[in-house]
Every structure is written in C-alpha cells, then in structure tokens.
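Asks: What follows is a structure written as structure tokens; I'll ask about it next.
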Amino acid sequence: MFDAVIIGGGVTGAAVARELSRYQADICLLEKEADVCCGTSKANSAIVHAGYDAKEGSLMARLNVRGNQRMESLAGELEIPFMRNGSLVVCLEEEELPGLMELYHRGIANGVPGLRILNREEALAMEPNLTDGVFAALYAPTAGIICPFHLNIALAENAFVNGVEFRFETEVTGIARTLGGYRVRTNRGDYTAACVVNAAGVYADRLHNMVSAQKLTITPRRGEYCLLDKKAGDHVSRTIFPLPGKYGKGILAAPTIHGNLILGPTAVDIEDKEGVNTTKEGFAEVMDKAGLYVSNLPLRQVITSFAGLRAHEEGHEFIIGEPEDAENFFDCAGIESPGLTSSPAIGELVAEMIGEKLGLHEKPDFIARRRGILSPAQMTKEERQALIRAKPEYGRIICRCEMISEGEILDAIRRPLGAKSLDGVKRRTRAGAGRCQGGFCAPRVMELLARETGKKLMEVTKSGGGSRIAMGQNKDAL
C-alpha cells in the first residue's frame, strides 16, 4: 500500500511527485503513456506568465505569481534553461486602452512587480517589428520562456531519484473507496493508497466523477501552433500578446528558449479528449491573427505545426484539493494556462496538504539538485575538445540541425527514467526537433535506441505503444 498514488505524468503530476518526495513516504505515479510529458504538457506555448491575467483573489492568480517567483531557482536546481525575457500585451486602438488598463490594475492587485503601460513609441523602441498601428502596450518584465519538456522531465527524474516509483503504460480504469483509502484499478493490476492525487489533465473529470457526487466537467480546448526556424527566432525578443478574449490570451508570437519563433494558439472547444489533429482553418487563423500586431513575419520559415489540448473548466479556475464527499482524494483539475507557470506552486500546495493530512515527516537526505544532459554546444572550444578526447561519442554529431551528439542521446537513454522512444529522445535532447524534423537523424537515433534497450529495430517506436516506425516482411532481419 502506498501513502499516495499520483495519476498523471504531466508537469502537474511530476511537480506534485517531486514535492512529495521531500517526505518520508511511499509514493507511486501512474501514467497511461510510455513516458512522462505526453499530454497537455508537451504541446503549449512554453511561456512563464507574469500573473496579470487571472482574476484577482483567485487560486489561479496566487499560484501563477508564486510559480513565476519559484521558476528561476527551480531551473537552477534542475539544470534546465529559463529566461526572463518579458512580455507585451498590445492594443492597436485607443478604444482598447481601458482593457489594457484593466489588465494593469489586475496585475498590481495580484502582486506582479514591474508592470508598466508603454506608449506607441516606447513599445516600438522595445520591439521594432510590432505593427506601426500599435497604440499602447502593457509591459511585464517578470514573464519568461522555458522548455516544457525539460521542466516536466526534470521534475520527474528528480522525484524518481528521491524514491518515487513510476508505472508507465498503466491506465486507470476505476477508483473505489476502501477502509484505509482508495483502490485504483488499472490495466496492469490494482494499487491501494491512503491518498490519491488526480493530475490527469483532460481526463481529470472522469477520475473525479468516480469518487464524488459533485460532478466535474473538463472541456478539451484545442490550440494549434506553428513553429518557425531559428532564422526567425529573433524577430521578436519578448512574448507578444493581443488583448485577451473569451477563449484565452489569444494568439501570441514569442521566441522559444531554444531560439525558434512560435505562433499560436487558436482556441476551439471540442469533445475528443485525444483530438490533437491540426487543421487547415487553424493554420490560417494563426497566420492571419499573428500578423495583426507583428509585422513582416517570416512565414516561409515554418518548420512544423502541432496542436495541444487545454483542460478547461467552466469557471476558469484551478480546482485543487479534496471534494467534500471524497476525503483524501486530491484534485488537480482544470489546470489550463497558466498551468505550466503554476506547476511548481501547485506541487508545493498539494504536497503540503497531503503531508499535513498524513502526518508525514520531511527527509533529511532529500536530493534537490538534478544533473542535466551535458551539452558540448554550450561549452568553450577547449572544454569541448577535452570532453571529446575523453569521450569520443560527444564528437559524433547525430542531429545536424540542432548539433546533438551521440553522447547526449546515450545520456538521454541511460539516465533515470531514460528515453525509450524517438519522441522521448527528442524531448530530452532536441534530436529531431530542428529544420528537417528528424528526416536526417531519426534512423541513427533508432539504431541507438535499439542497441541500448535491447530491442530489434522493428520494435522501436515513435512514442510507445503501437507507434512502430520500421515496417517490413523480414522482421527477424530487423
């Protein structure tokens, strides 16, 4: 029997796991996919929001600001890239100025530091590629950019090193109350726990409704994005938003932490909780709306498009804690934007709740630091040469677009909770994330995966399950 079973290996579940691993407790995380970071957390804007958008006094606002404050130190502990590049919310007409002022005052009420209203000249001086029609902008210097893959994976790795057990390809099929807590039924057997943490993203309502009569509805809200080549990465240096609307913060233009330019997302409510397909209409909307406030977008530099789902709850508020009729069942539901930003604070809050409820004691030997993947590209010439002499695999470039070496890929496979699929390697190293989108490096990465995991080439998958890549009649030869 576990003290706590966490359902969901996205950034929320991983953050809760990491914070709970500070305690002397038996913790298990169940994930229906073959890896962490396979749902909402893998397809979002990669933005660390400042905190001016959420309604003042709301849990969402408080956790947004707290998560933003924690991100810098957390990124240092986990050795992941993070940058406070700031953000601008742009209005194009004088009639929109009251909306901008409303955001400013809300941000002040939420405790967001450094907010300023810029006039046209100040905004253009800061971002020359804004459209000439810009009237004013809200500047938030504490906003930032991060890699959602790296944050999610690093939190999970650190939790694993601190004793959390992970069960992949383990889908929850039922939850029932027991005398001592809960029995969680899965396709791989039952798990019992004193507490359950529901961090299942768009499926959080289904799990909640298994144990509570106070029914919850989560609507998948699909957002489509375009990613541009690194040649376009400096088109803007800050995250550029329009004024937010009914369906969210609108279509943004932002540099990524890896040097690309990202545009999106759209916002369409759908029924399919797996509906991450892209559409012709979504692509056109991203292109058209991003161009309303950022001029001369190099749209010929698009290298890929993708879609993600936000777990939207009608009240647009994070639902965190125990339902009145389901003690020791802790929801982390409705975690949509700014969920990525808020995840460190959500982890803190839920771990404190469970720690207090179960009377847990903190570990004296908690390991706070996690070693990142060694990157020769970030070294000096002398350091890189010394590394290659000692470990020649770091001199063999596998992904030419991103300049990723064999050594980095081997590290990604061999490390705690290591990569087991092509996408797993991609999210840990960026091999396959560049201009050719894996067209050059995928076969070699597959060979390394097969060798390191003891599989045949035919058994290597894109993302686990049945997503095999190599096909043919002579299976034994491969």
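Residue 228 is where the sequence shown starts when you use the working numbering, and the numbers rise one by one after that.
Idealized CB from N, CA, C, for every residue including glycine.
(1) Let me know the secondary structure DSSP gives V423 once reduced to three states.
(2) State buried or exposed for H332, treating a residue as buried only when at least 16 other CB atoms are found within 10 Å of its CB.
(3) Kindly identify the DSSP beta-bridge partner or partners of C453.
(4) Find the nearest neighbour of T506 within the set G518, S300, P492, R616, judged by alpha-carbon distance.
(5) Taking the alpha helix (DSSP H) that F376 falls in, what are its first and last residues?
(6) Look at R671 and A553 and say whether their C-beta atoms are less than 9 angstroms apart.
(7) Given that a residue counts as buried once 16 or more other Cβ atoms are within 10 Å of its Cβ, and exposed if not, what is K653?
(8) Are A697 and L676 close, meaning C-beta to C-beta below 9 angstroms?
(9) Go through the segment 549 to 620 residue by residue and report every complete run of the alpha helix (DSSP H) that reaches 4 residues or more, in order.
(10) Would you mind working out which of F229, T656, G334, A595 sits nearest G407, comparing C-alpha positions?
(11) Taking Cβ positions, are A459 and L488 nearer each other than 9 angstroms?
(12) Looking at C-alpha atoms only, which residue of L644, E551, S569 is the closest neighbour of F545?
(13) Need the endpoints of the alpha helix (DSSP H) that Y331 sits in, please.
(14) Helix, strand or coil: which one does DSSP assign to F393?
(15) What residue from V263, G240, A231, S272 has the CA that sits closest to A534's CA?
(16) Tell me the DSSP bridge mates of V232?
(17) Kindly list the residues whose CB is nearer than 8 angstroms to the CB of I484, restricted to its own chain and excluding five residues on each side of it in sequence; keep chain order.
(18) Would you identify the three-state DSSP class for E306, choosing helix, strand or coil?
(19) Using alpha carbons as the reference points, say which of E512, A363, K500, V503 lies closest to L319.
(20) Have a look at C663 and G450 and give me their C-alpha separation to the nearest angstrom.
(21) Please name the residue or residues paired with S690 in a DSSP beta bridge.
(22) Rounded C-beta distance between R616 and P603? I'm assuming under 8 angstroms.
(23) Under a Cβ-count criterion, where at least 16 other Cβ atoms within 10 Å of its own Cβ denotes burial, should R537 be classed as buried or exposed?
(24) Cutting at 7 angstroms between CB atoms, please list the residues of its own chain near E589, excluding the five before and the five after it.
(25) Taking C-beta to C-beta, are P469 and N291 nearer than 9 angstroms?
(26) Tell me the DSSP secondary structure of R641 in three-state form.
(27) So, do the segment 389 to 401 and the segment 232 to 248 have three or more beta carbon pairs nearer to each other than 8 angstroms?
(28) Per DSSP, what kind of secondary structure is D499 in: helix, strand or coil?
(29) Ordered along the chain, which non-local residues of its own chain (more than five positions away) have a Cβ less than 6 angstroms from that of E384?
(30) Using 9 angstroms as the threshold, is the C-beta distance between L562 and G428 below it?
(31) Just how far apart, CA to CA, sit K584 and Y409?
(32) Helix, strand or coil: which one does DSSP assign to T215?
(33) Buried or exposed: where does E246 fall if 16 or more other Cβ atoms within 10 Å of its Cβ makes it buried?
(34) Have a look at A244 and V275 and give me their C-alpha separation to the nearest angstrom.
(35) Hey, quick one: how far does the alpha helix (DSSP H) through R433 stretch, first residue to last?
(36) Going by DSSP in three states, S648 sits in which element: helix, strand or coil?
Replies: With the given structure in hand:
(1) In the sequence shown, the residue the question calls residue 423 occupies position 196. Of the three classes helix, strand and coil, the one that applies to V423 here is strand, per DSSP.
(2) Position 105 of the sequence shown holds residue 332. H332 is exposed by the Cβ-count criterion.
(3) Indexing the sequence shown from 1 puts residue 453 at position 226. In DSSP, C453 forms a bridge with L490, S532.
(4) On the sequence shown, position 279 is the one that residue 506 refers to. Nearest of G518, S300, P492, R616 to T506, Cα basis: P492.
(5) For the purposes of this step, residue 376 is taken as the residue at position 149 of the sequence shown. It spans 375 to 388 - the alpha helix (DSSP H) in which F376 sits, taken as one unbroken run.
(6) Here residue 671 refers to the residue found at position 444 of the sequence shown. Here residue 553 refers to the residue found at position 326 of the sequence shown. No, they are not a contact pair.
(7) Translated into positions along the sequence shown, residue 653 becomes position 426. Buried: at least 16 other Cβ atoms inside 10 Å.
(8) The residue you call residue 697 lines up with position 470 of the sequence shown. The residue you call residue 676 lines up with position 449 of the sequence shown. No; because the gap between Cβ atoms is not below 9 angstroms, this pair is not in contact.
(9) Counting whole runs of 4 or more residues, the segment 549 to 620 contains the alpha helix (DSSP H) stretches 566 to 585, 608 to 617.
(10) The count along the sequence shown starts at 1 and reaches residue 407 at position 180. Out of F229, T656, G334, A595, F229 has the C-alpha closest to the C-alpha of G407.
(11) Counting from one through the sequence shown, the residue named residue 459 turns up at place 232. Counting from one through the sequence shown, the residue named residue 488 turns up at place 261. Less than 9 angstroms separates the beta-carbon of A459 from that of L488.
(12) Residue 545 sits at position 318 when you count from the first residue of the sequence shown. It is S569 whose Cα lies nearest to the Cα of F545.
(13) The count along the sequence shown starts at 1 and reaches residue 331 at position 104. Element bounds for Y331: 324 to 337.
(14) Numbered from 1 along the sequence shown, position 166 holds the residue referred to as residue 393. Three-state result, F393: strand.
(15) Locating residue 534 in the sequence shown gives position 307, counting from the first residue. Nearest option by C-alpha distance: S272.
(16) What you label residue 232 is simply residue 5 of the sequence shown in a count that begins at 1. In DSSP, V232 forms a bridge with C255, V423.
(17) Working through the sequence shown from its first residue, we reach residue 484 at position 257. Around I484: A273, P308, F309, M310, I372, I373, C374.
(18) The count along the sequence shown starts at 1 and reaches residue 306 at position 79. Taken through DSSP and simplified to helix, strand or coil, E306 comes out as coil.
(19) In the sequence shown, counting from the first residue as 1, residue 319 sits at position 92. Nearest of E512, A363, K500, V503 to L319, Cα basis: A363.
(20) Your numbering for residue 663 matches position 436 in the sequence shown. Your numbering for residue 450 matches position 223 in the sequence shown. Rounded to the nearest whole angstrom, the C-alpha separation of C663 and G450 is 23 angstroms.
(21) As a first step, residue 690 must be located in the sequence shown, where it is residue number 463. Answer by DSSP bridge pairing: none, since S690 is not bridged.
(22) Position 389 of the sequence shown, counting from 1, holds the residue named residue 616. Position 376 of the sequence shown, counting from 1, holds the residue named residue 603. About 12 angstroms; that fails the 8 angstroms criterion.
(23) Within the sequence shown, numbered from 1, the residue matching residue 537 stands at position 310. Buried, because 16 or more other Cβ atoms sit within 10 Å of the Cβ of R537.
(24) Counting from 1 along the sequence shown, the entry for residue 589 is found at position 362. Within its own chain, the residues whose Cβ lies closer than 7 angstroms to the Cβ of E589, once the five positions on either side in sequence are excluded, are R249, Y250, listed in chain order.
(25) Indexing the sequence shown from 1 puts residue 469 at position 242. Indexing the sequence shown from 1 puts residue 291 at position 64. Pairing P469 with N291 gives a Cβ-Cβ distance that is not under 9 angstroms.
(26) As a working note, residue 641 is residue 414 in the sequence shown. Of the three classes helix, strand and coil, the one that applies to R641 here is helix, per DSSP.
(27) Judged by pairs of C-beta atoms under 8 angstroms, the segment 389 to 401 touches the segment 232 to 248, as three or more such pairs exist.
(28) Numbered from its first residue, the sequence shown carries residue 499 at position 272. Note: D499 maps to coil in three-state DSSP.
(29) For the purposes of this step, residue 384 is taken as the residue at position 157 of the sequence shown. The residues are R597, P643, L644.
(30) Counting from one through the sequence shown, the residue named residue 562 turns up at place 335. Counting from one through the sequence shown, the residue named residue 428 turns up at place 201. It should be noted that the sequence gives Ile, not Leu, for residue 562. When the beta-carbon positions are compared, I562 and G428 come within less than 9 angstroms of each other.
(31) Start at 1 with the first residue of the sequence shown, and residue 584 comes out as number 357. Start at 1 with the first residue of the sequence shown, and residue 409 comes out as number 182. Taking the CA atoms as reference points, K584 sits about 15 angstroms from Y409.
(32) For the chain, the structure presents residues 228 to 705; residue 215 sits outside this window and is missing.
(33) As a first step, residue 246 is located in the sequence shown; it is residue number 19 there, counting from the start. Note on E246: 16 or more other CB atoms within 10 angstroms of its CB, so buried under the neighbour-count rule.
(34) Start at 1 with the first residue of the sequence shown, and residue 244 comes out as number 17. Start at 1 with the first residue of the sequence shown, and residue 275 comes out as number 48. Rounded to the nearest angstrom, the two C-alpha atoms are 21 angstroms apart.
(35) To locate residue 433, count along the sequence shown from 1; it is residue 206. Counting along the chain, the alpha helix (DSSP H) containing R433 begins and ends at 431 to 438.
(36) Reading the sequence shown from its first residue, position 421 is the one you call residue 648. Reduced to three states, the DSSP call for S648 is coil.
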